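Okay, structure first, notes after.
Protein chains: 2
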Amino acid sequence: MKRMALKKIVERQTGVALWRQIADRIRLSISNGDYDATGMVPPETVLAQEFGVNRHTVRSALAALADEGLVRAVQGRGTMIERKDRVSYPISRRTRFSQGLGRQVKEIGTRLLGHAEVPASGEIGAALAVSPGSLLIELRTVSSGDGRPLSTSVSYYPADRFPRMAEEYALLGSVTKAFAAHGLDDYVRVSTELVARHAEAQELSLLQLSPGAIVMEAQSVNADLDGKPVEYSRTRFAADRMKLRIET
Amino acid sequence: MKRMALKKIVERQTGVALWRQIADRIRLSISNGDYDATGMVPPETVLAQEFGVNRHTVRSALAALADEGLVRAVQGRGTMIERKDRVSYPISRRTRFSQGLGRQVKEIGTRLLGHAEVPASGEIGAALAVSPGSLLIELRTVSSGDGRPLSTSVSYYPADRFPRMAEEYALLGSVTKAFAAHGLDDYVRVSTELVARHAEAQELSLLQLSPGAIVMEAQSVNADLDGKPVEYSRTRFAADRMKLRIET
DNA sequence: TACAGTTGTCTAGATCAATAGACATTTAGG
DNA sequence: CCTAAATGTCTATTGATCTAGACAACTGTA
Numbered sequence: 129m130k131r132m133a134l135k136k137i138v139e140r141q142t143g144v145a146l147w148r149q150i151a152d153r154i155r156l157s158i159s160n161g162d163y164d165a166t167g168m169v170p171p172e173t174v175l176a177q178e179f180g181v182n183r184h185t186v187r188s189a190l191a192a193l194a195d196e197g198l199v200r201a202v203q204g205r206g207t208m209i210e211r212k213d214r215v216s217y218p219i220s221r222r223t224r225f226s227q228g229l230g231r232q233v234k235e236i237g238t239r240l241l242g243h244a245e246v247p248a249s250g251e252i253g254a255a256l257a258v259s260p261g262s263l264l265i266e267l268r269t270v271s272s273g274d275g276r277p278l279s280t281s282v283s284y285y286p287a288d289r290f291p292r293m294a295e296e297y298a299l300l301g302s303v304t305k306a307f308a309a310h311g312l313d314d315y316v317r318v319s320t321e322l323v324a325r326h327a328e329a330q331e332l333s334l335l336q337l338s339p340g341a342i343v344m345e346a347q348s349v350n351a352d353l354d355g356k357p358v359e360y361s362r363t364r365f366a367a368d369r370m371k372l373r374i375e376t
Numbered sequence: 129m130k131r132m133a134l135k136k137i138v139e140r141q142t143g144v145a146l147w148r149q150i151a152d153r154i155r156l157s158i159s160n161g162d163y164d165a166t167g168m169v170p171p172e173t174v175l176a177q178e179f180g181v182n183r184h185t186v187r188s189a190l191a192a193l194a195d196e197g198l199v200r201a202v203q204g205r206g207t208m209i210e211r212k213d214r215v216s217y218p219i220s221r222r223t224r225f226s227q228g229l230g231r232q233v234k235e236i237g238t239r240l241l242g243h244a245e246v247p248a249s250g251e252i253g254a255a256l257a258v259s260p261g262s263l264l265i266e267l268r269t270v271s272s273g274d275g276r277p278l279s280t281s282v283s284y285y286p287a288d289r290f291p292r293m294a295e296e297y298a299l300l301g302s303v304t305k306a307f308a309a310h311g312l313d314d315y316v317r318v319s320t321e322l323v324a325r326h327a328e329a330q331e332l333s334l335l336q337l338s339p340g341a342i343v344m345e346a347q348s349v350n351a352d353l354d355g356k357p358v359e360y361s362r363t364r365f366a367a368d369r370m371k372l373r374i375e376t
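Chains A and B, in that order, give the protein sequences.
All residue numbers for the first sequence refer to the numbering used here, where the first residue is 129 and numbers rise by one.
All residue numbers for the second sequence refer to the numbering used here, where the first residue is 129 and numbers rise by one.
Have a look at this one:
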């Protein structure tokens, strides 16, 4: 289906600047492959006409995208697309971070931001089915693909069963391996809840997002094969770098 | 865990107006139940201090939320919360729209916006495993719960197998029943891909969203029990009214 | 070299967003 | 009946956003 050259409307007086709306639309078009034929963004004058705004407004949008490293403008030639990918991340009964990304990224980085021992509280305690007040290990991490941050997580593990979680994770760089080091060889995803919202300040900095960006937040529980919960985690994905593939 | 009274930072010069950022944050707090104790939003002066902005800016944010019908301000008393729900929508092998919402909403509405017969094209044809150019039935719908729009869909069905899809759907108000009318009693979800992004103009109007709002877009394929695809659909959910529960 | 097409830069003005302060109006409670 | 606390309204000012137009600088091609 040839994509319709549909009118590219932007809304005024909405609290979202036109240049940001336009930047979002162009980013989407790039990731949809709309400009693959030329590898370039249409000329500023053309975009200005399509969106019904002044050329300067389009320039602000392109400047923001150039700032993200998504495009690069060359005087006299045009604005070239530098990057267009959106990584696909599978969510299934056997969700494993590094396996899922597979060949989409050459190099996967995981960084342990910090860890702590905290008492179980309402929501998290209930999800892990531990008695209130019992100790949990909390891990905070950021994961990236080819140097670009993709997600940030806060995860909780029962401290009595996985006492060395932080150390093993720091050493092995993988939750799956850290579980294995505690004698747990297999686990499955029990539940996942998804919400999309604007990123908060801390998420902007952790994920290196431009302000106003969107995150998808997944709250998930993993359990061992007996159905006993072993992990509760809250992962926030950079929405414009990822799509989630749900395998049922 | 008692929620930390963490500093509520808003970012300036980002192309997203402060009042809109604050409106988004308050909306999130309402849906998180942060204000359940009183049923009211904190006083404007308090919010202004928390966010580090002028009271007038907070007032703009609250005016936007009042416009959505989320809160109602009463002079001399305060700003009361009118609505706080975020509907949970399950995605599983047997995703059925109306069943999933269950008791969360009293009244489910589905409206057929229009239908058409279109030739199968690249992506959609491949997903449905039909030969290129063969005919598909396209349905465009909006679904709502208790009068609030929750999602809008575009769906495709092979015309040779489900020739009366549009008529049956219009009559029965349900895809499951329309399938049954064609002799298909059961079907399962094969794949789902999820993306979150800012809503486009058309989506804003269909879902009655305030500009700058977020939609979650799910592209899904359903198949009969022999694995033959019967439906390709693209559903956009109003992100601030829904959360998706993924059942694996 | 000439030229068309493109991005880069500058100036000026109009509109929107945010701050600041003052005061009015309404409500609930002592 | 007061008063404290809350929202409602008004004016003025500053900075960010958007429009408008003109022209400079660079690229590729004829």
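Glycine included, every Cβ here is placed at the ideal spot set by N, Cα and C.
Note that the coordinates shown come from a computational prediction; the quantities given were computed from them, not determined experimentally.
For residue i versus residue j, is the C-beta spacing smaller than 8 angstroms?
i	j	result
R214 of chain A	R369 of chain A	yes
A367 of chain A	V343 of chain A	yes
R268 of chain B	V258 of chain B	no
A287 of chain B	E245 of chain B	yes
R224 of chain B	T142 of chain B	no
P247 of chain B	G261 of chain B	yes
L322 of chain B	L337 of chain A	no
I150 of chain B	I209 of chain B	no
P218 of chain B	E375 of chain B	yes
S70 of chain B	F365 of chain B	The first residue shown for chain B is 129 and the last is 376, placing residue 70 of chain B beyond what the model contains.
A194 of chain B	R200 of chain B	yes
R317 of chain B	S216 of chain B	no
T207 of chain B	V169 of chain B	yes
L256 of chain A	P357 of chain A	yes
K212 of chain A	G161 of chain A	yes
A176 of chain B	H243 of chain B	no
D352 of chain A	Y315 of chain A	yes
L240 of chain B	A165 of chain B	no
Y284 of chain B	Y360 of chain B	yes
L79 of chain B	R155 of chain B	Coverage of chain B is limited to positions 129 through 376, which leaves residue 79 of chain B absent and any answer about it impossible.
R183 of chain B	E172 of chain B	yes
Where does the unbroken alpha helix (DSSP H) through residue i begin, and where does it stop?
i	result
L193 of chain A	R183 to D195
S333 of chain B	A329 to L334
E251 of chain B	G250 to L256
A151 of chain B	L146 to N160
Q177 of chain A	E172 to F179
Y297 of chain B	M293 to L300
A308 of chain A	V303 to A309
Could you tell me which chain A residues have their CB closer than 8 angstroms to the CB of residue i, listed as they occur along the chain?
i	result
A367 of chain B	V323, A324 and R325
D274 of chain B	Going along chain A, no residue has its Cβ under 8 angstroms from D274 of chain B, so there is no contact; the nearest lies around 20 angstroms.
Run down chain B in chain order and give the residues with a C-beta less than 9 angstroms from the C-beta of residue i.
i	result
V144 of chain A	G143, V144, A145, R148, H326, P339 and G340
Could you name the residues of chain B that residue i contacts, counting a contact when the two beta carbons are closer than 8 angstroms?
i	result
K371 of chain A	E321, L322 and V323
D152 of chain A	R325 and H326
Hey, quick one: how far does the beta strand (DSSP E) through residue i stretch, first residue to last?
i	result
S220 of chain B	From DSSP, S220 of chain B is part of no beta strand (DSSP E); its letter is neither H nor E.
Q203 of chain A	Q203 of chain A -> no beta strand (DSSP E), and no H or E assigned at all.
K371 of chain B	M370 to I374
F365 of chain B	P357 to A366
Y284 of chain B	R276 to P286
G456 of chain A	No answer is possible for residue 456 of chain A: it lies beyond the span of chain A, which begins at 129 and ends at 376.
T269 of chain A	L263 to G273
E351 of chain A	In the sequence as presented, Glu is not what sits at residue 351 of chain A; that position holds Ala. Residues I342 to A351.
P142 of chain A	Looking at the sequence shown, residue 142 of chain A is not Pro but Thr. Per DSSP, T142 of chain A belongs to no beta strand (DSSP E) and is neither H nor E.
S319 of chain A	V316 to H326
For residue i, which residues in chain A fall below 7 angstroms Cβ to Cβ?
i	result
L156 of chain B	R325
Does the ligand SAH have a heavy atom nearer than 7 angstroms to the CB of residue i?
i	result
A151 of chain B	Because no ligand of any kind appears in the structure shown, any question about the ligand SAH cannot be addressed here.
Contact set between the segment 188-212 of chain A and chain B, restricted to residues whose Cβ is under 7 angstroms from the partner: Listed by position, the residues of the segment 188-212 of chain A near chain B (Cβ gap below 7 angstroms) amount to none.
Any 3 or more C-beta pairs closer than 8 angstroms across the segment 322-332 of chain B and the segment 346-356 of chain A: Segments in contact, no.
Touch test, the segment 233-243 of chain A against the segment 270-277 of chain A, Cβ-Cβ under 8 angstroms, three pairs minimum: A contact exists between the segment 233-243 of chain A and the segment 270-277 of chain A.
Segment contact flag, the segment 176-188 of chain A with the segment 146-153 of chain A, C-beta cutoff 8 angstroms, min 3 pairs: Cβ pair count under 8 angstroms is three or more, so yes.
Residues of the segment 340-358 of chain B with Cβ closer than 7 angstroms to any Cβ of chain A, in chain order: The segment 340-358 of chain B vs chain A, Cβ under 7 angstroms: G340, I342 and M344.
Contact list for the segment 302-317 of chain B against chain A, Cβ threshold 8 angstroms: Cβ contacts with chain A come from V316 and R317.
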